[in-house]
Each structure stands twice: as C-alpha cells, then as structure tokens.
Amino acid sequence: MNNFYHATRILEGNGTLKEVGNEAKLLGATKVMVVTDDFLSKTPVFSTLTKSLEDAGLSYMVYTNVKPNPRSEDCDAATVVAREENVDLIVAFGGGSAMDQAKAVAALLTNGKTCRDWDNVPLDHPMLPTICIPTTSGTGSEVTFVSVITDTERQFKMSIFDPQKLIPALAICDAEVTLGLPKSLTAACGIDALTHAIEAYTSKVAQPITDSLALTAISLISQNILKAYEDGSNLEARQNMMIGSTIAGIAFINSNVGAVHAISETIGGWFDTPHGVGNSIFLPYVMEFNVSANVKKFADVAVALGVEVTPEMTKEDIAAAGVKKVAELNKQLNIPALKDLSYITPEHFDAIAERSAKNMLSDDNARDITKEDYLDILNKAYTAGRVISYV
Ligand SMILES: [Fe+2]
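Following this line, the structure appears as structure tokens:
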C-alpha cells in the first residue's frame, strides 16, 4: 500500500520572502522566534525578513545558536528560550541545520521532554506553527516531516519523524535569498538535493507519485546546478534549483533515501562532515553499486540527467553513463574526494561501514547492502581519489 503525505503550503517565487510577516500573522502569531545562524543574521536579505515581521506589527526575537549538523542539546536550549519568551510561531531561515533545529524546537514546545526522548517516537501533539525559508536549495527540509539532529553523546544522527504532526505550516521558496550562496555550498547542497531525488526514485519503497516528482527534480537540478555554480547571480538557475530541491524533498520524504545518506549520516554524526559533502562524495560509488538491482530505473535516472542515448546502447550502458555523468558533475563542481577529508582514514572504515549498515536508511536502499558492501564502497572511494575511476 502506498501512502503519500503532503500538507505544507508552498509559497514560491522571487521576492516572496517579504510576505513572511503577513503569513505569520495569518497563522495567528503574536511573538515569533526566528531561528537562523549568526552569519545569515547579519546579511542584507535577513533585514528583509525582519522588516516584514515589523511591518506586520509582530514582535520577534532572533535565535542564532545554530551549528552545522544541529545538536540535540542546542535544540533543548533553544526550546527553553522560546518558552521563556512566550513564542507562538517559529520562522526558520537557513539551510537544513536551521530548519531541522527549528522543527525540533517547534515539536518540543508542544510535546515537552527533551530532543532525545523523541528519537523515532511519534509525537503526541502537532508542532508549533512553523514557517521554513530555505536559503541553500539542498535539504528540502521545508517540506519534510523529519528533523535530523546529532546526538552528541552517542555521536549519532537521531530523527524526530511524524508525517502528521511535524509538518511546516508554510514553506517560502524565494530563490533571491540564495543569490549570495557561496560556490562550495551551491555545489554540495545541490548534490544533496540530487541525491534525494535519485535515492527516492530508486528506493525499494518508491511509489508512482514519488517517481514522477523525483524524475522532475533530477532534470531540474542537473540542468541548472552548473549554471548556478558558475554564475551565482543567475536567478533563473537559482529558481530552478530551489524548485528542484523542494520537489526532491517531497519525493524522498514519501519514498526514502538510502545508502548514500546512511554513510553521510554516519560521518556527519561522528566527524561533523557537512551533509552535502558526505553525500556528494559517495553518490557515484553507491549508484554504481546499486545499478544491478534496478537497471531500468537507473537508466531512467541517466536520461533525466541528460545522458545522450544512442540506438545501440543497452539499458546497462545507459545506466552506467548516468553514474559517469554524476561523477563528472562532482568533478566540475570541485567536490572534494574522500582522501581530502584528512580526518577520515582507512582505520575508521570498519566502524563507518558497520554503523552505516545498521542505519535504518540501508533497509530501503535500491539494493540489499551489507557491512562488507559498505567497506568496498569506502575503499573504492578512497583509492580512486577524485572520481578518477569514472572520468
Ligand atoms: Fe540529504
């Protein structure tokens, strides 16, 4: 039986950031907590956000203790502040870290206890009304009903997940806020979004609705990521990346992500590796491992990626060309190689493989995957260096 959830309203378009005040008011806000990071809180575009809240007559506070790979104790601390300030609506402004932390805080405000208490436990009550404003075109967190948080004690990524109670009320997808995104983030976050779409499409639990969304996202992202990377002021490319990333979010949250995310979560929780970087490094290697499990679907992925298909090509050839295309994309985007992450060495591989195999995301990966398979993928990524095996 397929189950498809989507309840977040999406306001998409250039300049829509300035609607946040009116929208917050319509949602019944009187006191808003804006969750963002220190850097973003000092940008000109952030003034557009706060001015909109002021123009709507809303009082607000700005909370900036957001780190990459948000931590459970920071979510608990932010919740205490929000309670003291009588906050009744949360606005998340940032990438996946700000949005996931904001969603966790919104859940804790209505459900009590601490972040760790809700690891894979259904919520008792709907989260506090939350508006998500993505600034990276990557995570899709603005439309997902999961919050992925680092449990620093266990060096582990935990998830608060509830398809009916952890739903952002509104996503404001305004590509203009991404115009200043640095090249490295444009690349890594964009490949994160591409990974969402590819893993959603090829997952064991994919369904027809997620398939159509995932293929659309793969096309949009692959046609625009280099344009956005090479010219960050290309608003059309930025808008297509924003839409593609949001569509990929709706797809994967109703299907699943797989082994790429299992490794990325493992090294993110353990070494603090940025999520997008972890995904980018392993995407081609996991795709290569997965192809045999569903050649037709990986051929579809290749076509959506823009691979030129000639009459003599078999489905296997087309699928392999898709893997090569992703590896080429990584190279063009200057994605680091595994060896470039000098804090990860072969002596860590056994434990990374073991933790990745135990991650629930492995269950729905396109192909059954074991600890030994993860070890092969890690060794291949390490010895091949900068995707040399493909390009
Ligand atoms: Fe992701």
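Sequential numbering of the sequence shown, starting at 2, is according to the working numbering. Ideal Cβ placement from N, Cα and C applies to all residues, glycine included. Please read these numbers as outputs of a predicted model, since none were measured by experiment.
Hey, residue i and residue j: beta-carbon distance below 8 Å or not?
i	j	result
G250	I222	no
S204	D374	no
V327	P285	yes
E394	M34	Residue 394 is absent from the structure shown; the chain starts at 2 and stops at 392.
A25	L90	yes
N291	R368	yes
K198	A176	Note on identity: in this sequence residue 198 is Ala, with Lys being the wrong assignment. The answer is no: Cβ separation not under 8 Å.
K158	E266	yes
I132	V106	no
A252	T196	no
L28	P169	no
L362	A263	yes
L18	L54	no
K114	L167	no
P69	A189	no
L186	T137	yes
Secondary structure at residue i, three-state DSSP: helix, strand or coil?
i	result
G14	coil
L90	strand
P135	strand
L284	helix
S390	Note that S390 scores a pLDDT of 48, beneath 50, so its modelled location is shaky; the value from the coordinates is reported in the next line. Correct three-state label for S390: coil.
I199	helix
A172	strand
S272	With the sequence shown as reference, residue 272 is identified as Phe, and Ser is not the correct amino acid for it. Of the three classes helix, strand and coil, the one that applies to F272 here is helix, per DSSP.
I370	coil
D212	helix
T217	helix
G179	In the sequence under discussion, the amino acid at residue 179 is Thr, which differs from the Gly named in the question. T179 falls in the helix class under three-state DSSP.
V308	coil
K205	coil
T267	helix
M314	coil
T140	coil
F299	helix
M2	coil
K166	coil
S53	helix
D364	helix
F157	strand
I345	coil
I336	coil
D377	helix
T384	helix
T151	strand
I353	helix
Looking at C-alpha atoms only, which residue of the options is the closest neighbour of residue i?
i	options	result
D75	V36, M288, L376, S357	V36
G233	T217, S256, V178	V178
V278	Q333, I199, P337, A303	P337
C174	V21, A321, K184, A105	V21
K298	P69, R117, D56, G323	G323
A83	D56, N66, N70	N66
T151	T137, A99, M243, L59	A99
K372	S48, T311, D351, F47	D351
A300	D377, L216, N360, G269	L216
V81	T9, E200, A108	A108
H7	L214, A320, N241, A354	L214
G95	V88, D163, F47	F47
M288	G245, A320, T311	A320
P347	D377, A260, I244, P312	D377
Kindly list the residues whose CB is nearer than 7 Å to the CB of residue i, restricted to its own chain and excluding five residues on each side of it in sequence; keep chain order.
i	result
I389	Model confidence at I389 stands at a pLDDT of 43, short of 50, so the residue's coordinates are unreliable and nothing is read from them.
A238	N225, K228, A229
F272	Y344, I345
A294	A367, R368
A382	I282, F283, Y286, L339
L110	T80, A83, R84, L129
D101	P71, S142, S148, V149, I150
S42	V63, T65
What does a CB cutoff of less than 6 Å around residue i pick up in its chain, not counting 5 residues either side in sequence?
i	result
G97	T140, S142
E1	For the chain, the structure presents residues 2 to 392; residue 1 sits outside this window and is missing.
D39	T65
N23	A57
R387	Reliability fails at R387, whose pLDDT of 49 lies under 50, so the model's placement of it is uncertain and no value is given.
S73	C116, R117, I150, D152
Below 8 Å CB to CB, which residues in the same chain sit around residue i once its five sequence neighbours on both sides are set aside?
i	result
T247	I11, E13, P135, G141, E143, V144, A172, C174
V392	Low per-residue confidence applies at V392: pLDDT is 43, beneath 50, and the placement is therefore not dependable, though the value from the model is reported in the following sentence. Cβ neighbours of V392 beyond the five flanking positions: K325, A328, E329, K332.
G307	S220, S223, Q224, K326
L236	N15, A176, E177, L180
Kindly examine ligand 3 and report whether one of its heavy atoms sits closer than 7 Å to the Cβ of residue i.
i	result
N280	Among the ligands modelled here, namely ligand 1, ligand 3 does not occur.
Check your understanding: Taking only runs of the alpha helix (DSSP H) that begin and end inside the segment 59-127, which ones reach a length of at least 4 residues, in chain order?
Key -> Here the runs fully enclosed are 73-85, 97-112.
**Study point:** Ranges of the alpha helix (DSSP H) found wholly within the segment 222-265, counting only runs of at least 4
**Key:** You should have 236-255.
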